[in-house]
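For the sequence shown, this note's numbering assigns the number 1190 to the initial residue and increments by one for each residue that follows. Just so it is clear, CB atoms sit at the ideal spot from N, CA and C, and this is done for glycine as well. Here is the structure we will look at, set down as structure tokens.
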Amino acid sequence: MTHTSPPITVVSGLPRSGTSMLMQMLAAAGIPPLTDSVRTPDPDNPQGYFELEAVKHTRTDPAWLDRAPGTAVKVIHALLKDLPPTHRYRVIFIHRNLDEVLASQHKMLERAGRSGARLNPDALKQIFAAQLDAARAWAAAQPNMSCLDVHHHDILADPHAQAARIAAFLAIPDKAPAMAAAVESSLYRNRAPRQP
1190 MTHTSPPITV VSGLPRSGTS MLMQMLAAAG IPPLTDSVRT PDPDNPQGYF ELEAVKHTRT
1250 DPAWLDRAPG TAVKVIHALL KDLPPTHRYR VIFIHRNLDE VLASQHKMLE RAGRSGARLN
1310 PDALKQIFAA QLDAARAWAA AQPNMSCLDV HHHDILADPH AQAARIAAFL AIPDKAPAMA
1370 AAVESSLYRN RAPRQP
């Protein structure tokens, strides 16, 4: 591991949990997103997906990591373990209400004319929660990873406070206002019912 290289900022979480929003915030802070143009903006993510197709093949071809130090890259929770120990990573986990995640996934699949998993929603929520907990615990145990947890709802409810937390974690506190300004609450379309 080269300790002189800047760390790689990793945005992780479940699909449809707000990872693209977080990538927009990091881009606004001046951390360049490492992306490609394979998946283009659409009605589900009008600002874009901020994805890098090569991440899916990290286990067999980690060459993309050579250009990753100093950038931000989206790595879904299930692929975190594929990141080699040769780099330093600052991992920001974004959490979202699982009912909202499932609703967002369902709408995206419906719009694409595809069907999702045949499991009932409660079973899916249990699986997703267990997977995310396992990925978070694994990352926290890695000596080359530092971790921060943020919540989708909290970012939308108070973008300035949450941007300040993220900016402090990344040691760029002066970038918090730009990060907060990048949050578009109008894109919060799949909300869970309010609890009494």
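Buried or exposed: residue i, going by 16 or more other Cβ atoms within 10 Å of its Cβ?
i: glycine 1202; result: buried
i: glycine 1207; result: buried
i: arginine 1240; result: Correcting the residue type first, residue 1240 is glutamate in the shown sequence and not arginine. Buried, since its Cβ has 16 or more Cβ neighbours within 10 Å.
i: arginine 1279; result: buried
i: asparagine 1341; result: Checking the sequence shown, residue 1341 turns out to be histidine, not asparagine. With 16 or more other Cβ atoms within 10 Å, it is buried.
i: arginine 1205; result: buried
i: glutamate 1289; result: buried
i: isoleucine 1197; result: buried
Excluding sequence positions up to five away, which residues of its chain have a Cβ less than 7 Å from the Cβ of residue i?
i: proline 1382; result: Low per-residue confidence applies at proline 1382: pLDDT is 46, beneath 50, and the placement is therefore not dependable, though the value from the model is reported in the following sentence. Once the five neighbours on either side are set aside, proline 1382 has no close Cβ partner at all.
i: aspartate 1338; result: Phe1282, His1284
i: isoleucine 1361; result: Ala1218
i: glutamine 1384; result: Any reading at glutamine 1384 needs caution, since the residue's pLDDT is 46, under 50, leaving its predicted position unreliable; the model's value is listed next. If we look at glutamine 1384 and ignore the five residues flanking it on each side, it has no Cβ neighbours.
i: histidine 1266; result: Ser1201, Gly1202, Leu1203, Gln1320, Leu1321, Ala1324
Determine the extent of the alpha helix (DSSP H) in which residue i is found, giving its start and end residues.
i: histidine 1349; result: 1348-1358
i: leucine 1211; result: 1208-1217
i: arginine 1325; result: 1310-1329
i: proline 1366; result: 1365-1370
Quick one: residues in its chain with C-beta nearer than 6 Å to the C-beta of residue i, no 5 flanking neighbours on either side, listed in chain order?
i: alanine 1371; result: Gln1213, Met1214, Ala1217
i: alanine 1144; result: Residue 1144 cannot be examined here, being either before or after the span of the chain that is shown, 1190 to 1385.
i: threonine 1260; result: Pro1221, Leu1223
Kindly indicate the opening and closing residues of the beta strand (DSSP E) around residue i.
i: lysine 1263; result: 1261-1263
i: phenylalanine 1239; result: That residue, phenylalanine 1239, is in no beta strand (DSSP E); it is neither H nor E in DSSP.
i: leucine 1337; result: 1334-1340
i: isoleucine 1281; result: 1278-1284
i: threonine 1198; result: 1197-1202
Leaving aside the five residues before and after residue i along the sequence, list all residues of the same chain whose C-beta is less than 8 Å from its C-beta, in chain order.
i: aspartate 1363; result: Ala1356
i: tryptophan 1327; result: Leu1269, Lys1270
Give the single residue among the options whose Cα lies nearest to the Cα of residue i.
i: isoleucine 1325; options: Val1200, Ser1194, Pro1196, Thr1193; result: According to the sequence as given, residue 1325 is arginine; it is not isoleucine. Of the listed residues, the one whose Cα sits closest to arginine 1325 is Val1200.
i: leucine 1345; options: Ser1194, Thr1249, Glu1373, Leu1287; result: Glu1373
Under 8 Å, with one C-beta from each stretch per pair, do the stretch 1237-1247 and the stretch 1278-1285 reach the 3-pair mark? no
Does the stretch 1263-1277 come within contact of the stretch 1329-1337, defined as at least 3 CB pairs closer than 8 Å? yes
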